[in-house]
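For the sequence shown, position 80 matches number 80 in UniProt numbering, and the numbering has no gaps at all. To keep things clear, I will list the structure first and then write my remarks on it.
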Amino acid sequence: MNRLCNDTLAGLEGSIALPAYRLAEQKPQIGIVHLGPGAFFRGHQAWYTEQALQQGGDWAISAVSMRSPDVSDALTPQDGLYTLVELDATIGYQVVGSVQEVLVAATDYPKVLTRLTAASTKYVTMTITEKGYCLASNGELDLQNKEVCRDLTRSAQPVTAIGMLVTALSERFRANIPPFCVISCDNLTDNGHKLRAAILRFAEQWDPALANWLEQQLISPCTMVDSITPATDDALRTQVADKIGLLDQWPIKRESFVQWVIEDCLPVERPAWHQAGVIYAADVSAFEKAKLRLLNAPHSTLAYLGCLLGHETVFDAMQDSALVGFIKQMVTEEIIPSFKAPAELDVQQYSADILQRFRNPAIRHLLSQIAWDGSQKLPMRLLPVIRDNLASGRSVRYLAYGIAAWCLFIRQRQQSQTKLTDPLAEQLLAVAAQCSGNAEADVALFLAIDAVFPRELTEQNAFKQAVVAAYQQLTSKGMVTLPSYTGEA
Numbered sequence: 001m002n003r004l005c006n007d008t009l010a011g012l013e014g015s016i017a018l019p020a021y022r023l024a025e026q027k028p029q030i031g032i033v034h035l036g037p038g039a040f041f042r043g044h045q046a047w048y049t050e051q052a053l054q055q056g057g058d059w060a061i062s063a064v065s066m067r068s069p070d071v072s073d074a075l076t077p078q079d080g081l082y083t084l085v086e087l088d089a090t091i092g093y094q095v096v097g098s099v100q101e102v103l104v105a106a107t108d109y110p111k112v113l114t115r116l117t118a119a120s121t122k123y124v125t126m127t128i129t130e131k132g133y134c135l136a137s138n139g140e141l142d143l144q145n146k147e148v149c150r151d152l153t154r155s156a157q158p159v160t161a162i163g164m165l166v167t168a169l170s171e172r173f174r175a176n177i178p179p180f181c182v183i184s185c186d187n188l189t190d191n192g193h194k195l196r197a198a199i200l201r202f203a204e205q206w207d208p209a210l211a212n213w214l215e216q217q218l219i220s221p222c223t224m225v226d227s228i229t230p231a232t233d234d235a236l237r238t239q240v241a242d243k244i245g246l247l248d249q250w251p252i253k254r255e256s257f258v259q260w261v262i263e264d265c266l267p268v269e270r271p272a273w274h275q276a277g278v279i280y281a282a283d284v285s286a287f288e289k290a291k292l293r294l295l296n297a298p299h300s301t302l303a304y305l306g307c308l309l310g311h312e313t314v315f316d317a318m319q320d321s322a323l324v325g326f327i328k329q330m331v332t333e334e335i336i337p338s339f340k341a342p343a344e345l346d347v348q349q350y351s352a353d354i355l356q357r358f359r360n361p362a363i364r365h366l367l368s369q370i371a372w373d374g375s376q377k378l379p380m381r382l383l384p385v386i387r388d389n390l391a392s393g394r395s396v397r398y399l400a401y402g403i404a405a406w407c408l409f410i411r412q413r414q415q416s417q418t419k420l421t422d423p424l425a426e427q428l429l430a431v432a433a434q435c436s437g438n439a440e441a442d443v444a445l446f447l448a449i450d451a452v453f454p455r456e457l458t459e460q461n462a463f464k465q466a467v468v469a470a471y472q473q474l475t476s477k478g479m480v481t482l483p484s485y486t487g488e489a
């Protein structure tokens, strides 16, 4: 079977949505560099840019993987082309052509630096996960991080995203080329401001003159992104091959729902993202908080509880009426009261829509995948809700189950000798190995991990007691047991 690429693209005309600009005589030039070309990026930002490119402009993307060659190995022979499958009641197919090349920073660094320093590169977007920003628990750049320290020595090519960006910005500074606009698209609270602060702090250690220039000129908007994008599997590859008659080594699937909110501070010269539905907002934080609290917090809680209950996917977990009832109760009683939603948002409907998205039978989203990197996700998704509720005297009883379930999930991994995907995996598994099953002692061990739990939270007795009570309930009767959602503990 022939492979999807520029040479075979024209043969698909009339059968599937195609990037018309790829078939035109004059193709768009690269104007965006993206760090972290994972599934979410290819289903989200690359898709939005695909729609923008249909309106014209030099906004093609140079995608950069920091270390892994997998995406480059799959997409380079395809000229960056891949198929996007929208999974819903009706399945849709589209070939995305916005990615013009895929580089690997570890092996293609000179090419990457050339892209980052080119005057034609106006934007750098990023999906590198929370851990990729090398932030300390206070949200600032961790200058004690080994890789950050290494990059600051300038003894070798940078290995962190922040180090690589500052290196490129330094060269642009010396060449009198304006800085590119950097856009974080990760689920990180206040992501644009934290990214900008991390770049500035690194630059201060590097060159005070550079830091001063960036302080005045660097634009880094906050954003909120949303779309469920499960991992690609062989079944999807077969499905796409049957549909288009070509081999696609790395197609992407996602739900039809997609959302991107960007702080309205971008340069005038920008892709026509608004044509694809991007919302430019004066205050992204209200949308961000709604999404983190009404989608991400229940998603993580569902993942840990679902794994403990033996469910494999989100859809499977959503067939468990007791679990769904528990999640609904947590959202209604403890999450919705914890924040002020944007005036434009119907919170009850938004929450109901999210649960309906979880029920999409066409999406096979593994709970174990959602459970990855919990040490980085919980401080963003659950702990802020708990902190705000405690400060206002509201209940955290249900929220505490998300924390307790995470602890038990790690214990389960340790006892079964199953891989734990987390940057703190070694430390977490060592803590789990010390657990005895005594709720108070076990919870104390986990809450002592200050890289996850801030002291001002762990010192609050109400928080500790709630997590201990949840831990006890989940392990009562020798099985995972959820509380009744009629108000009983």
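Just so you know, even glycine gets a beta-carbon here, dropped at the ideal spot from N, CA and C. These figures come from a predicted structure and were not determined experimentally.
Notebook entry, point to check: Counting pairs of beta carbons, one from the segment 169 to 185 and one from the segment 108 to 122, are three or more of them closer than 8 Å?
Noted result: yes
Checklist line | Through-space distance from Val443 to Lys464, alpha-carbon basis | finding: Locating residue 464 in the sequence shown gives position 464, where the first residue counts as 1. Locating residue 443 in the sequence shown gives position 443, where the first residue counts as 1. So the two alpha carbons sit approximately 8 Å from each other.
Next item on the list: Could you work out which residue in Ala466, Leu366 and Trp406 is closest to Tyr398 when comparing CA atoms only?
Entry: Counted from its first residue, the sequence shown places residue 398 at position 398. Taking only the C-alpha atoms, the option nearest Tyr398 is Ala466.
Checklist line | Contacting residues, own chain, Cβ-Cβ under 7 Å from Gly487 (five flanking each side not counted) | finding: Sequence index remark: in the sequence shown, residue 487 carries index 487 (1-based). Low confidence applies to Gly487: its pLDDT is 42, below 50, so where it sits in the model is not reliable, and the reading given next is rough at best. Around Gly487: no qualifying Cβ.
Check: In the DSSP assignment, what residue or residues form a beta bridge with Ile91?
Finding: As a first step, residue 91 is located in the sequence shown; it is residue number 91 there, counting from the start. Partner(s): none; Ile91 has no beta bridge.
Note to self: If I measure Cβ to Cβ from Ala489 and keep anything under 8 Å in the same chain, skipping five residues before and after, which residues do I get?
What the structure shows: Position 489 of the sequence shown, counted from the start, is the residue given in the question as residue 489. Below a pLDDT of 50, predicted positions are generally treated as unreliable, and Ala489, at 36, falls in that range; the measurement from the model is reported next regardless. Arg397, Ala469, Gln473 and Pro483, listed in sequence order.
Notebook entry, point to check: Going by the beta-carbon positions, is the gap between Ser375 and Cys307 smaller than 8 Å?
Noted result: As a position in the sequence shown, residue 375 is number 375, starting the count at 1. As a position in the sequence shown, residue 307 is number 307, starting the count at 1. Their beta carbons are not under 8 Å apart, which means Ser375 does not touch Cys307 by this criterion.
Notebook entry, point to check: What do you reckon, are the CB atoms on Ile403 and Leu378 nearer than 8 Å?
Noted result: On the sequence shown, position 403 is the one that residue 403 refers to. On the sequence shown, position 378 is the one that residue 378 refers to. Yes. Within cutoff.
Checklist line | Element boundaries [alpha helix (DSSP H), containing Met66] | finding: Within the sequence shown, numbered from 1, the residue matching residue 66 stands at position 66. That residue, Met66, is in no alpha helix (DSSP H); it is neither H nor E in DSSP.
Check: To the nearest angstrom, how far is it from the Cα of Gly11 to the Cα of Ser155?
Finding: As a first step, residue 11 must be located in the sequence shown, where it is residue number 11. As a first step, residue 155 must be located in the sequence shown, where it is residue number 155. Taking the straight line joining both Cα atoms gives about 49 Å.
Check: What is the C-beta distance between Thr125 and Cys185, in whole angstroms, given that I count them as a contact (C-beta under 8 Å)?
Finding: Locating residue 125 in the sequence shown gives position 125, where the first residue counts as 1. Locating residue 185 in the sequence shown gives position 185, where the first residue counts as 1. About 6 Å; that satisfies the 8 Å criterion.
Check: Is the beta carbon of Phe287 less than 8 Å from the beta carbon of Pro337?
Finding: Translated into positions along the sequence shown, residue 287 becomes position 287. Translated into positions along the sequence shown, residue 337 becomes position 337. Contact: no.
Check: Where does His34 fall in DSSP's three states?
Finding: Your numbering for residue 34 matches position 34 in the sequence shown. Three-state DSSP puts His34 in a strand.
Check: Cβ atoms of Thr127 and Phe40: under 8 Å apart, would you say?
Finding: Translated into the one-based positions of the sequence shown, residue 40 becomes position 40. Translated into the one-based positions of the sequence shown, residue 127 becomes position 127. Cβ distance < 8 Å, so Phe40 and Thr127 count as in contact.
Next item on the list: Give the straight-line distance between the Cα atoms of Val159 and Met66, rounded to the nearest whole angstrom.
Entry: For the purposes of this step, residue 159 is taken as residue 159 along the sequence shown, with counting starting at 1. For the purposes of this step, residue 66 is taken as residue 66 along the sequence shown, with counting starting at 1. So the alpha carbons of these two residues sit roughly 8 Å apart.
Notebook entry, point to check: Among Tyr401, Leu424 and Ala430, which one has its Cα closest to the Cα of Gln415?
Noted result: For the purposes of this step, residue 415 is identified with residue 415 of the sequence shown, where counting begins at 1. When only C-alpha atoms are compared, the closest one is Ala430.
Next item on the list: From the DSSP output, in three-state form, read off Cys181 for me.
Entry: As a working mapping, residue 181 is identified with position 181 in the sequence shown. Correct three-state label for Cys181: strand.
Check: Do the segment 220 to 240 and the segment 16 to 24 make contact, defined as three or more Cβ pairs closer than 8 Å?
Finding: no
Check: In this structure, does DSSP put Leu214 in helix, strand or coil?
Finding: Against the sequence shown, residue 214 aligns to sequence position 214. Reduced to three states, the DSSP call for Leu214 is helix.
Check: Which ranges would you report for the alpha helix (DSSP H) in the segment 274 to 305 if only whole runs of at least 4 residues count?
Finding: 285 to 291
Notebook entry, point to check: What did DSSP end up calling Gln259 once you bin it into helix, strand or coil?
Noted result: Position 259 of the sequence shown holds residue 259. DSSP places Gln259 in strand when its eight states are reduced to three.
Note to self: To test your reading of the DSSP string, which unbroken alpha helix (DSSP H) runs of 4 or more residues are found completely within the segment 203 to 253?
What the structure shows: 208 to 217 and 234 to 244
Notebook entry, point to check: Under a three-way DSSP split, which group does Asp85 fall into?
Noted result: In the sequence shown, residue 85 corresponds to position 85, counting from 1. As written in the sequence, residue 85 is Val, which differs from the Asp given in the question. Three-state DSSP puts Val85 in a strand.
Next item on the list: Report, in whole angstroms, the separation of the C-beta atoms of Lys445 and Gln434, which I expect to be a contact under 8 Å.
Entry: Within the sequence shown, the letter at position 445 stands for residue 445. Within the sequence shown, the letter at position 434 stands for residue 434. According to the sequence provided, residue 445 is Leu. The question's Lys does not apply to it. Right, the Cβ-Cβ distance comes to about 6 Å (below 8 Å), so this counts as a contact.
Item checked: Nonlocal neighbours in the same chain, by C-beta distance under 7 Å from Gly38, ignoring five residues either side -> Reading the sequence shown from its first residue, position 38 is the one you call residue 38. Contacts found: Thr127.
Notebook entry, point to check: What is the rounded straight-line gap between the Cα of Phe178 and the Cα of Gly132?
Noted result: For this step, residue 178 is matched to residue 178 along the sequence shown. For this step, residue 132 is matched to residue 132 along the sequence shown. With the sequence shown as reference, residue 178 is identified as Pro, and Phe is not the correct amino acid for it. If you take the alpha carbons of Pro178 and Gly132, they lie about 25 Å apart.
Notebook entry, point to check: Pairing CB atoms from the segment 355 to 371 with CB atoms from the segment 313 to 323, are three or more of them under 8 Å?
Noted result: yes
Check: Which residue from Asn6, Gly36, Ala462 and Asp283 puts its Cα closest to that of Glu25?
Finding: For this step, residue 25 is matched to residue 25 along the sequence shown. The shortest Cα separation from Glu25 among Asn6, Gly36, Ala462 and Asp283 belongs to Asn6.
Note to self: Suppose contacts are defined by Cβ-Cβ distances below 8 Å. Is Thr83 in contact with Val95 by that definition?
What the structure shows: Here residue 83 refers to the residue found at position 83 of the sequence shown. Here residue 95 refers to the residue found at position 95 of the sequence shown. In contact: Thr83 and Val95 (Cβ atoms closer than 8 Å).
Note to self: Could you check whether the segment 204 to 217 touches the segment 59 to 74, counting it as contact only if at least three pairs of C-beta atoms, one from each stretch, sit closer than 8 Å?
What the structure shows: no
Notebook entry, point to check: What are the boundary residues of the beta strand (DSSP E) that includes Met126?
Noted result: For this step, residue 126 is matched to residue 126 along the sequence shown. Note, Met126: beta strand (DSSP E), Tyr123 to Met126.
Note to self: According to DSSP, simplified to helix, strand and coil, what is Arg364?
What the structure shows: For the purposes of this step, residue 364 is identified with residue 364 of the sequence shown, where counting begins at 1. Looking at Arg364 - three-state DSSP - the assignment turns out to be coil, as it is neither helix nor strand.
Checklist line | Given Ser256 as reference, the closest of Ser120, Asp88, Ser351 and Phe339 once Cα atoms are compared | finding: To locate residue 256, count along the sequence shown from 1; it is residue 256. The option with the nearest alpha carbon to Ser256 is Asp88.
Notebook entry, point to check: If Ser120 and Ala46 are in contact, beta carbons under 8 Å, what's the gap, nearest whole angstrom?
Noted result: Here the question's residue 120 lines up with position 120 in the sequence shown. Here the question's residue 46 lines up with position 46 in the sequence shown. Actually they are not in contact, since the Cβ atoms of Ser120 and Ala46 sit about 18 Å apart, beyond 8 Å.
Check: Whose CA, out of Asn187, Val331 and Gly478, lies closest to the CA of Tyr401?
Finding: Against the sequence shown, residue 401 aligns to sequence position 401. Considering only alpha carbons, the answer is Val331.
Note to self: Which residue wins for smallest C-alpha separation from Asn176, given the options Lys291, Val102 and Gln217?
What the structure shows: Here residue 176 refers to the residue found at position 176 of the sequence shown. Taking only the C-alpha atoms, the option nearest Asn176 is Gln217.
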